[in-house]
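Notes for the one structure printed next.
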Amino acid sequence: HRDVKPSNVLLMRSDAPDAIPLGGDVASQSDAYIPKLADFGLAKLTDQHEHEATRTGAVLGSPSYMAPEQAFGHAKSVGPAADIYALGAILYDALTGRPPFQSPSVLETLEQVRTQEPIAPARLQPSMPRDMQTICLKCLEKDPVRRYESAAALYEDLQRFLRHEPIHARPTSVAVRVARFCRRRPASAMLSAVSLACAVGAAVGISWHIHTLNAETLRANRSEQAALEDFRAGYETLDEVLREIHWYSSPVQGGVELRERAKRQALDFYYRTLESADESRPGMSLAKSRLLMYAGSIHITSSRPQQALIDLERAHDRLAALFDQNPRNAEVKGVLARCLYHMAAAYNQLGEADKAQPLVARSINLLNEVRQSGDDFPRLRQKLARQHRLLAGLFLRKGQPSEALANLTVAIELRTEQAALSPDDEPNRIMLAETCVEAAWLLREPHRLKSASDVLGRAVVALGRLPTLADSPHALRTMVLTHDALMRVALSEGRIDAALRHNEDAVNALTHAISSGQGDYLDGISHGVFHSRAQLLGLAGRFGEEEAYWDDAILHAPDDVKVAYRKERSLQLAEIGRRRAASLLAEERLKDPTLSP
147 HRDVKPSNVL LMRSDAPDAI PLGGDVASQS DAYIPKLADF GLAKLTDQHE
197 HEATRTGAVL GSPSYMAPEQ AFGHAKSVGP AADIYALGAI LYDALTGRPP
247 FQSPSVLETL EQVRTQEPIA PARLQPSMPR DMQTICLKCL EKDPVRRYES
297 AAALYEDLQR FLRHEPIHAR PTSVAVRVAR FCRRRPASAM LSAVSLACAV
347 GAAVGISWHI HTLNAETLRA NRSEQAALED FRAGYETLDE VLREIHWYSS
397 PVQGGVELRE RAKRQALDFY YRTLESADES RPGMSLAKSR LLMYAGSIHI
447 TSSRPQQALI DLERAHDRLA ALFDQNPRNA EVKGVLARCL YHMAAAYNQL
497 GEADKAQPLV ARSINLLNEV RQSGDDFPRL RQKLARQHRL LAGLFLRKGQ
547 PSEALANLTV AIELRTEQAA LSPDDEPNRI MLAETCVEAA WLLREPHRLK
597 SASDVLGRAV VALGRLPTLA DSPHALRTMV LTHDALMRVA LSEGRIDAAL
647 RHNEDAVNAL THAISSGQGD YLDGISHGVF HSRAQLLGLA GRFGEEEAYW
697 DDAILHAPDD VKVAYRKERS LQLAEIGRRR AASLLAEERL KDPTLSP
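Taking the working numbering, I'd label the letters of the sequence shown as residues 147 to 743.
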């Protein structure tokens, strides 16, 4: 067929046994339908969308639904596998509400089809079953050989899914995803290879270590202390691996899936070890408390606060008992402080600031006691900075900005101290910059703009010393937010030229992120940055230059914001005398399906 797409699939009402009942009002009328594939002529008549424009010649098909071999124009290699790909693209659209690849122009869409991997459907619909995602992505493999061998094979796997049976398709391995990334972007791959390889390699090694941990290290012929040290080394290293994967896997296609898989495997280990660990052994109570705390922290990162609190409260009860037995033990204090912090974070996710605030305040007190005693404790400054930042957020939720700013200031100083001691600690520098941006937001009153500018300058310095800035989505996002904040400070002071410079820096960082495949991480802020650019160019009287940025702002904005942007743009056009363009834009806005009749 070579042009399978939604507008070529028609539904015929039928009372046949295999007809499909549809939801909504249709289902209430007891109607059911059989899908029919339309011919090319009718499909062209019903095609209304630019991204679905059917092309003829070497590249035949609808860009958002065509297979890579079609996008390359390899007519001889286009066969039934191209239709499998198109069915997968339709399935992707049905599951997520958007095709796997879609850009403003046909050429850009074709380039994405040829060179990029689709965003995992579960990232767009987090509740999607894993097996459904696996089926969909198998259809969308770049290599035709890796897709389902026939439509019948695809149908059979879908039937297995519906019957809750194991499907035959298997998720693409991390190794394959990394190899694809390296082929697409060799320069970026070189920059991220070392850190990612270390993280994945460590995860593999730790998995093997975990598998043999109880059998080998807790044997009777080993001393109890040595066994406990090995046991603790295993789960502490796994915790460190998870932290590394969180920070360094995002630039790689599939980084989110890598993190989620690592978290699932870690949870499985924690729970299995909790069941098998012998609590009669010395020190095992503290070890089990750590395992429960680590499990709870993973649930928090996956936005499961209720499940997190179940594990964290069990850990807290154990740790409180250990603390009562030995209140001077620095290790117990440190672990208890971390547990209290995670409990506060869970309550914060639930919107219960009154429960969270005393927990994080006590956590800070415990860590300060450890710090004042001179005991060596890993990442003590970072932990304290994180606690103060959370406490600042809780004060803000309760309408206490002065207390929030005081805690952010403490966090900034702690991060700055750590940056001086460990210049290569990249996550600490990024967190320092993020905290500076948050503090600047609280300093936005006219009489404190100089202080806001100074603290944002510290953010620029922190980010400017990162060797991997261009390939770190965390750092790029923070850089965009930093220059956007500097732009707002300059604008408040009436310095239009300075505002334009800072906004240009934000746009450049954002454009780099989008062009290097990291734009998804900045989706929530990109439209605002482009919108600011269009506004500033208008304020500066640079009419004509702003049009492309209006287009970008509207492209990246949510539907409700698109309407507001189009209205604002048409008013601006009318004000500068371009009334015909304003009229056309207003007509386009009135056609928007999101507007009421």
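Backbone N, C-alpha and C fix where the C-beta goes; we use that ideal spot for every residue, glycine too.
Note to self: Quick test of the definition: if touching needs 3 or more C-beta pairs under 8 Å, does the stretch 493–504 touch the stretch 456–464?
What the structure shows: no
Check: For P547, which option in H702, L578, E591 has the closest C-alpha, if you only look at C-alpha atoms?
Finding: To locate residue 547, count along the sequence shown from 1; it is residue 401. Of the candidates H702, L578, E591, the one whose C-alpha sits nearest the C-alpha of P547 is E591.
Check: Can you give the Cα-Cα distance for S496 and G684, rounded to whole angstroms?
Finding: For this step, residue 496 is matched to residue 350 along the sequence shown. For this step, residue 684 is matched to residue 538 along the sequence shown. Correcting the residue type first, residue 496 is Leu in the shown sequence and not Ser. Rounded to whole angstroms, L496 to G684 spans 42 Å at the Cα level.
Notebook entry, point to check: Going along the chain, which residues of its own chain have a beta-carbon closer than 6 Å to the beta-carbon of L627, five neighbours each way excluded?
Noted result: Locating residue 627 in the sequence shown gives position 481, where the first residue counts as 1. Taken in chain order, the residues that qualify are V583.
Margin query: Using a 10 Å radius around the Cβ and a threshold of 16 neighbouring Cβ atoms, would you call Q258 buried or exposed?
Written below: Stepping through the sequence shown from its first residue, residue 258 is reached at position 112. The residue is buried, with at least 16 neighbouring Cβ atoms inside 10 Å.
Next item on the list: Can you grab the Cα-Cα spacing for the pair K151 / A213, in whole Å?
Entry: As a first step, residue 151 must be located in the sequence shown, where it is residue number 5. As a first step, residue 213 must be located in the sequence shown, where it is residue number 67. Spanning the two alpha carbons is a distance of roughly 11 Å.
Item checked: DSSP state of R293 mapped onto helix, strand, coil -> The count along the sequence shown starts at 1 and reaches residue 293 at position 147. Three-state DSSP puts R293 in coil, outside helix and strand.
Checklist line | Sufficient close CB pairs (3 or more, under 8 Å) joining the stretch 442–455 to the stretch 465–478 | finding: no
Notebook entry, point to check: Looking at the structure shown, is P181 part of a helix, part of a strand, or coil, going by DSSP?
Noted result: In the sequence shown, residue 181 corresponds to position 35, counting from 1. If DSSP states are grouped into helix, strand and coil, P181 belongs with the strands.
Margin query: Determine whether the beta carbon atoms of D630 and A652 lie at a separation below 7 Å.
Written below: Working through the sequence shown from its first residue, we reach residue 630 at position 484. Working through the sequence shown from its first residue, we reach residue 652 at position 506. Their beta carbons are under 7 Å apart, which means D630 touches A652 by this criterion.
Check: In the structure shown, what three-state DSSP assignment does P246 receive?
Finding: Mapped onto the sequence shown, residue 246 falls at position 100. P246 falls in the coil class under three-state DSSP.
Next item on the list: Specify the secondary structure class of I313 as computed by DSSP and reduced to three states.
Entry: Here residue 313 refers to the residue found at position 167 when the sequence shown is read from its first residue. Coil, per DSSP.
Notebook entry, point to check: Looking only at its own chain, which residues have a Cβ that is under 7 Å from the Cβ of A598, when we skip the five neighbours before and after it?
Noted result: As a position in the sequence shown, residue 598 is number 452, starting the count at 1. So the list reads A586, L589, R590, V635, once near-sequence residues are dropped.
Check: From what residue to what residue does the beta strand (DSSP E) around L526 run?
Finding: To locate residue 526, count along the sequence shown from 1; it is residue 380. Segment 526–543 is the alpha helix (DSSP H) holding L526; no beta strand (DSSP E) there.
Notebook entry, point to check: Taking the alpha-carbon positions, what's the A315 to R244 distance?
Noted result: Taking the sequence shown and counting its residues from 1, the one referred to as residue 315 is at position 169. Taking the sequence shown and counting its residues from 1, the one referred to as residue 244 is at position 98. So the alpha carbons of these two residues sit roughly 23 Å apart.
Notebook entry, point to check: Under 7 Å between the Cβ atoms of A492 and I446?
Noted result: For the purposes of this step, residue 492 is identified with residue 346 of the sequence shown, where counting begins at 1. For the purposes of this step, residue 446 is identified with residue 300 of the sequence shown, where counting begins at 1. Cβ atoms of A492 and I446: closer than 7 Å.
Check: Distance, Cα to Cα, T261 vs S661?
Finding: Walking along the sequence shown from the start, residue 261 turns up at place 115. Walking along the sequence shown from the start, residue 661 turns up at place 515. About 12 Å.
Checklist line | Where M577 falls: helix, strand or coil (DSSP) | finding: The residue you call residue 577 lines up with position 431 of the sequence shown. DSSP places M577 in helix when its eight states are reduced to three.
Margin query: Closest to L513 by C-alpha separation, out of L717, A162, L560, would be which residue?
Written below: In the sequence shown, the residue the question calls residue 513 occupies position 367. Ranking L717, A162, L560 by Cα distance to L513 puts L560 first.
Note to self: Give me the residue from A699, S672, Q664, L668 with the minimum Cα distance to A680.
What the structure shows: In the sequence shown, the residue the question calls residue 680 occupies position 534. Of the listed residues, the one whose Cα sits closest to A680 is A699.
Notebook entry, point to check: I think A565 touches N574, with their Cβ atoms under 8 Å apart; what is that distance to the nearest whole Å?
Noted result: As a working mapping, residue 565 is identified with position 419 in the sequence shown. As a working mapping, residue 574 is identified with position 428 in the sequence shown. Indeed, because the Cβ distance is near 6 Å, the residues count as touching under 8 Å.
Check: From the DSSP output, which residues share a beta bridge with V481?
Finding: What you label residue 481 is simply residue 335 of the sequence shown in a count that begins at 1. Partner(s): none; V481 has no beta bridge.
Check: In three-state DSSP terms, what is A159?
Finding: Translated into the one-based positions of the sequence shown, residue 159 becomes position 13. Residue 159 is actually Arg in this sequence, not Ala. Three-state result, R159: strand.
Notebook entry, point to check: Which residue's Cα is closest to the Cα of L183: G225, N154, D177, F676?
Noted result: By 1-based counting over the sequence shown, the position of residue 183 is 37. Measuring from the Cα of L183, the nearest candidate turns out to be N154.
Notebook entry, point to check: Between R508 and the rest of its own chain, which residues show a CB-CB distance below 6 Å, the 5 nearest in sequence each way excluded?
Noted result: Position 362 of the sequence shown, counting from 1, holds the residue named residue 508. These residues qualify, in order along the chain: L486.
Check: Roughly how many angstroms lie between the CA atoms of V224 and G670, to the nearest whole one?
Finding: In the sequence shown, counting from the first residue as 1, residue 224 sits at position 78. In the sequence shown, counting from the first residue as 1, residue 670 sits at position 524. Cα to Cα, the separation comes out at about 38 Å.
Margin query: Give me the residue from P264, A268, I576, Y211 with the minimum Cα distance to V252.
Written below: Sequence index remark: in the sequence shown, residue 252 carries index 106 (1-based). If we check each option's Cα against that of V252, Y211 comes out closest.
Notebook entry, point to check: Is it true that the CB of A557 sits closer than 7 Å to the CB of D579?
Noted result: Within the sequence shown, the letter at position 433 stands for residue 579. Within the sequence shown, the letter at position 411 stands for residue 557. Position check: residue 579 holds Ala in this sequence, whereas Asp was assumed. No, the Cβ-Cβ distance between A579 and A557 is not below 7 Å.
Item checked: CB-CB length for R484 against K529, believed under 8 Å -> Counted from its first residue, the sequence shown places residue 484 at position 338. Counted from its first residue, the sequence shown places residue 529 at position 383. About 7 Å; that satisfies the 8 Å criterion.
Next item on the list: Pull up the CB-CB distance for I230 and L308, whole angstroms please, since I reckon it's below 8 Å.
Entry: Counting from one through the sequence shown, the residue named residue 230 turns up at place 84. Counting from one through the sequence shown, the residue named residue 308 turns up at place 162. Rounded, the Cβ-Cβ distance is 19 Å, inconsistent with contact.
Check: If you draw a straight line from the alpha carbon of F247 to that of L256, how long is it in whole angstroms?
Finding: Indexing the sequence shown from 1 puts residue 247 at position 101. Indexing the sequence shown from 1 puts residue 256 at position 110. Taking the straight line from one Cα to the other gives about 8 Å.
Check: With respect to the alpha helix (DSSP H) encompassing N472, which residues constitute its N-terminal and C-terminal limits?
Finding: Locating residue 472 in the sequence shown gives position 326, where the first residue counts as 1. No alpha helix (DSSP H) contains N472, which DSSP labels as neither H nor E.
Check: If you drop the 5 nearest sequence neighbours on each side, which residues of the same chain put their C-beta closer than 8 Å to that of L551?
Finding: By one-based count along the sequence shown, residue 551 stands at place 405. So the list reads A538, A585, L588, L589, once near-sequence residues are dropped.
Notebook entry, point to check: Should Y667 and P619 be called a contact, given that it needs their Cβ atoms to be closer than 7 Å?
Noted result: One-based indexing of the sequence shown puts residue 667 at position 521. One-based indexing of the sequence shown puts residue 619 at position 473. Yes, the pair counts as a contact, with Cβ atoms nearer than the cut-off.
Notebook entry, point to check: So what does DSSP say about I166, is it helix, strand or coil?
Noted result: Along the sequence shown, read from residue 1 onward, the residue named residue 166 stands at position 20. The answer is strand: DSSP assigns I166 an E or B state.
Margin query: To the nearest angstrom, how far is the alpha carbon of P275 from that of A232?
Written below: Against the sequence shown, residue 275 aligns to sequence position 129. Against the sequence shown, residue 232 aligns to sequence position 86. The straight-line gap from Cα to Cα measures roughly 21 Å.
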